[in-house]
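J.: This is the structure, below, for whatever I ask next.
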Amino acid sequence: MGTSQDSKSYKVVTYGCQMNVHDSERLSGLLEDAGYVKAGQEGDPDLVVFNTCAVRENADNKLYGNLGQLAPAKTRNKDMQIAVGGCLAQKDRDTIVRRAPWVDVVFGTHNIGHLPALLERARIEQQAQVEILESLETFPSTLPTRRESAYAAWVAISVGCNNTCTFCIVPALRGKEEDRRPGDVLSEIEALVGEGVIEVTLLGQNVNSYGSDLGDREAFSKLLRAAGQIDGLERIRFTSPHPRDFTDDVIAAMAETPNVMHQLHMPMQSGSDKVLKAMKRSYRQERFLGIIEKVRAAMPDAAISTDIIVGFPGETEEDFEQTMHAVREARFANAFTFQYSKRPGTPAAEMDDQIPKAVVTERYNRLIALQEEISWEENKKQVGRTLEILVAEGEGKKDDRTDRLSGRAPDNRLVHFTRPASPVRPGDVVTVEITYAAPHHLLAEGPTLAVRRTRAGDAWEKRQAAPAGAKPAGVMLGLPTIGAPSPAAAPAAAPAAGGCCGD
Ligand code: SF4
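The opening residue of the sequence shown carries number 3 in our numbering; numbering runs sequentially from there.
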């Protein structure tokens with residue numbers, strides 16, 4: 003493909019969490035700034051960038067498998083370049099070029115802005131470049147970004163994490179929490195709204211500890227309220243909050259700011275106080291359920307979801323029963339459930355009393371069965387409600403066959419609705435009545451009650467008119483897996499579901 007820098011094509015392959023998806027948007031933005039164009043479906047790209055995740059089990063095997071598959075293409079095209087970034091690169095460093103010597107650049111989580119320069123240096127020196135920094139040089143959001151969606155955007159408000167959850171690799175690979183200044187966050191949101199975006203999701207490994215770096219414990223609730231003032235911004239979400247930092251001022255800001263959605267994804271991880279302690283999660287079951295009670299008192303329509311790890315080292319049947327109890331009490335709209343599996347480099351991987359796989363799977367199946375029942379019951383309560391749905395792109399696999407469109411309710415529930423007679427674009431908003439509930443989606447089978455064409459729909463339409471290579475491909479956003487994901491993990495493909503490792 004391309005012979006000059008100006009016409010080189012690129013492809014970014016992303017693994018893992020929303021933070022990585024958002025980093026990949028920046029990688030694409032940086033590369034396009036440097037003159038690359040997004041590769042089409044045909045032929046080998048001139049550059050392939052893997053943005054890796056260290057959370058998944060066998061992440062390294064998968065990466066080396068993919069790198070191995072690219073080796074023949076690299077032999078065919080000597081000018082082709084391969085770069086590996088993200089958490090696994092930060093962790094494995096020069097092991098990558100030892101195991102896959104055809105890789106040109108290895109970069110870490112703190113220096114994604116250097117990628118174009120590293121590629122150029124690798125080209126000139128004809129030698130692999132490995133550059134891993136231990137701390138952040140530039141806050142990633144200041145880098146150019148190529149957004150995947152015309153109507154919804156991620157906005158990182160912090161990076162890193164000051165906690166030390168024993169199952170999590172994030173503190174080792176992403177470093178201490180660094181908060182972005184509120185003015186910078188708000189300017190970015192305003193600029194996004196100016197481009198047609200109507201929904202933003204504030205992103206951080208531990209989003210509600212925002213402010214610890216700025217010396218203001220209420221900084222997160224103030225940020226929510228300030229973002230709520232931005233004209234044209236219809237939906238604000240955030241992910242993922244830590245129960246420890248979930249203070250009453252955040253609940254008040256959510257309840258009192260009309261465009262902050264009544265949706266909360268708050269990882270519980272376990273209902274057992276003993277296991278939470280072993281995880282180094284500083285809250286206990288009572289505190290967690292207490293937050294949920296307060297959220298429901300302030301916002302009775304709030305949809306609350308969570309992450310749960312089953313089979314953490316030392317988890318007894320009694321501990322697991324505590325998790326089941328908490329799930330019954332909390333009545334989550336959905337839960338991302340994970341079977342614990344060792345992640346090298348984490349304290350939990352070294353703990354005695356790892357639980358046999360068969361026991362973990364049996365508990366996991368019981369948890370899924372319970373959560374499925376609750377999700378379905380909670381969804382049934384939506385039948386008969388009239389809701390505004392933000393029309394989405396790529397969320398309804400069967401839409402063409404069923405003559406439906408799909409989108410997200412304000413609480414982020416997935417809704418499939420009958421295609422309206424008048425044209426509707428992703429980013430537009432329709433009003434429908436819910437007629438049927440399944441465990442993981444809702445149906446609106448009647449006629450659309452109203453269609454509101456939005457600036458976001460205009461922005462989507464404008465993108466469609468752009469040349470094919472300039473159109474971003476859809477990405478499925480979702481949680482990474484720690485072990486196998488629950489079928490219940492399927493619905494929340496919209497930008498609002500969980501942090502890197504279920505923070
Ligand atoms: S699980 Fe979340 S809160 Fe805990 S260390 Fe990891 S990123 Fe931080």
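The beta-carbon is built from N, C-alpha and C at its ideal position, and this holds for glycine as well.
Fair warning: this is a prediction, and the values are worked out from it, not measured in the lab.
(1) Ordered along the chain, which non-local residues of its own chain (more than five positions away) have a Cβ less than 8 Å from that of V99?
(2) So the candidates are Y366, Y438 and A337; which of them puts its Cα closest to the Cα of F322?
(3) So does H112 have its beta carbon nearer than 6 Å to some heavy atom of ligand 1?
(4) Can you tell which of D430, A41, R283 and L392 has the C-alpha that lies nearest to the C-alpha of S274?
(5) Can you give me the Cβ contacts of P474 inside the same chain, cut-off strictly under 6 Å, excluding the 5 residues immediately before and after it?
(6) How is the alpha helix (DSSP H) around V329 delimited, first residue to last?
(7) Quick one: what's got a C-beta closer than 7 Å to D460's C-beta in the same chain, skipping five residues either side?
(8) Under a Cβ-count criterion, where at least 16 other Cβ atoms within 10 Å of its own Cβ denotes burial, should N22 be classed as buried or exposed?
(9) Should M478 be labelled buried (16 or more other beta-carbon atoms within 10 Å of its own) or exposed?
(10) Quick check on S189: buried or exposed, where buried means 16 or more other Cβ atoms within 10 Å of its Cβ?
(11) According to the neighbour-count rule (16 or more other Cβ atoms, all chains shown, within 10 Å of its Cβ), is T16 buried or exposed?
(12) Report the residue ranges of all alpha helix (DSSP H) runs contained in full by the segment 351–430; include only those spanning at least 4 residues, in chain order.
(13) Does the beta-carbon of D96 have 16 or more other beta-carbons within 10 angstroms, so that it is buried, or is it exposed?
(14) DSSP state of I159, grouped into three classes?
(15) To the nearest angstrom, how far is it from the Cα of A155 to the Cα of D354?
(16) With burial defined as no fewer than 16 other Cβ atoms inside 10 Å of the residue's Cβ, what is the status of A102: buried or exposed?
(17) Please indicate yes or no: does the CB of P173 lie closer than 6 Å to some heavy atom of ligand 1?
(18) Rounded to the nearest angstrom, what separates R183 and L216 at their Cα positions?
(19) How long is the line joining the alpha carbons of I357 and P441, rounded to whole angstroms?
(20) Which residues in the same chain have their Cβ closer than 7 Å to the Cβ of R289, if we skip the five residues on either side of it in sequence?
(21) Could you check which residue in D218, M326, C89 and R219 has the C-alpha nearest to that of Q271?
(22) Using beta-carbon positions only, say whether L291 and E331 come within less than 7 Å of one another.
(23) Confirm, please, whether the CB-CB distance from A394 to P449 is below 7 Å.
(24) Could you tell me if the beta carbon of H244 falls within a distance shorter than 6 Å of some heavy atom in ligand 1?
T.: So, from the listed chains and residues:
(1) Working through the sequence shown from its first residue, we reach residue 99 at position 97. The answer, listed in chain order, is V105, V108, A130 and V132.
(2) Taking the first residue of the sequence shown as 1, we reach residue 322 at position 320. Measuring from the Cα of F322, the nearest candidate turns out to be Y366.
(3) Taking the first residue of the sequence shown as 1, we reach residue 112 at position 110. H112 Cβ: outside cutoff for every heavy atom of ligand 1.
(4) Along the sequence shown, read from residue 1 onward, the residue named residue 274 stands at position 272. Among D430, A41, R283 and L392, the Cα nearest to that of S274 is on R283.
(5) As a working mapping, residue 474 is identified with position 472 in the sequence shown. Any reading at P474 must be qualified, since the residue scores a pLDDT of 48, below 50, and its modelled position is unreliable; the value itself is stated next. So the list reads E150, once near-sequence residues are dropped.
(6) Taking the first residue of the sequence shown as 1, we reach residue 329 at position 327. Run containing V329: E319 to A332, per the alpha helix (DSSP H) assignment.
(7) As a first step, residue 460 is located in the sequence shown; it is residue number 458 there, counting from the start. Once the five neighbours on either side are set aside, the close Cβ partners of D460 are G198.
(8) Along the sequence shown, one-based indexing puts residue 22 at 20. N22 is buried by the Cβ-count criterion.
(9) Numbered from 1 along the sequence shown, position 476 holds the residue referred to as residue 478. Bear in mind that a pLDDT of 29 at M478, under 50, signals an unreliable position, so the number given afterwards is only what the model happens to contain. That one is exposed.
(10) Taking the sequence shown and counting its residues from 1, one reaches residue 189 at position 187. Exposed is the call here.
(11) Indexing the sequence shown from 1 puts residue 16 at position 14. Buried, by the Cβ-count rule.
(12) 359–382 and 401–404
(13) Working through the sequence shown from its first residue, we reach residue 96 at position 94. Classification for D96: exposed.
(14) Mapped onto the sequence shown, residue 159 falls at position 157. DSSP places I159 in coil when its eight states are reduced to three.
(15) For the purposes of this step, residue 155 is taken as residue 153 along the sequence shown, with counting starting at 1. For the purposes of this step, residue 354 is taken as residue 352 along the sequence shown, with counting starting at 1. Going from the Cα of A155 to the Cα of D354 covers about 42 Å.
(16) One-based indexing of the sequence shown puts residue 102 at position 100. The residue is buried, with at least 16 neighbouring Cβ atoms inside 10 Å.
(17) Locating residue 173 in the sequence shown gives position 171, counting from the first residue. True, at least one ligand heavy atom lies under 6 Å from that Cβ.
(18) As a first step, residue 183 is located in the sequence shown; it is residue number 181 there, counting from the start. As a first step, residue 216 is located in the sequence shown; it is residue number 214 there, counting from the start. One C-alpha to the other measures close to 8 Å.
(19) Along the sequence shown, read from residue 1 onward, the residue named residue 357 stands at position 355. Along the sequence shown, read from residue 1 onward, the residue named residue 441 stands at position 439. When rounded, the distance between both Cα atoms is 30 Å.
(20) Position 287 of the sequence shown, counted from the first residue, corresponds to residue 289. The answer, listed in chain order, is P245.
(21) Counted from its first residue, the sequence shown places residue 271 at position 269. Here the closest residue by C-alpha is M326.
(22) Walking along the sequence shown from the start, residue 291 turns up at place 289. Walking along the sequence shown from the start, residue 331 turns up at place 329. Yes, they are a contact pair.
(23) Taking the sequence shown and counting its residues from 1, the one referred to as residue 449 is at position 447. Taking the sequence shown and counting its residues from 1, the one referred to as residue 394 is at position 392. Against a cut-off of 7 Å, the Cβ pair of A394 and P449 comes out as no contact.
(24) Residue mapping note: residue 244 aligns to position 242 of the sequence shown, counting from 1. Answer for H244: yes, Cβ within range of ligand 1.
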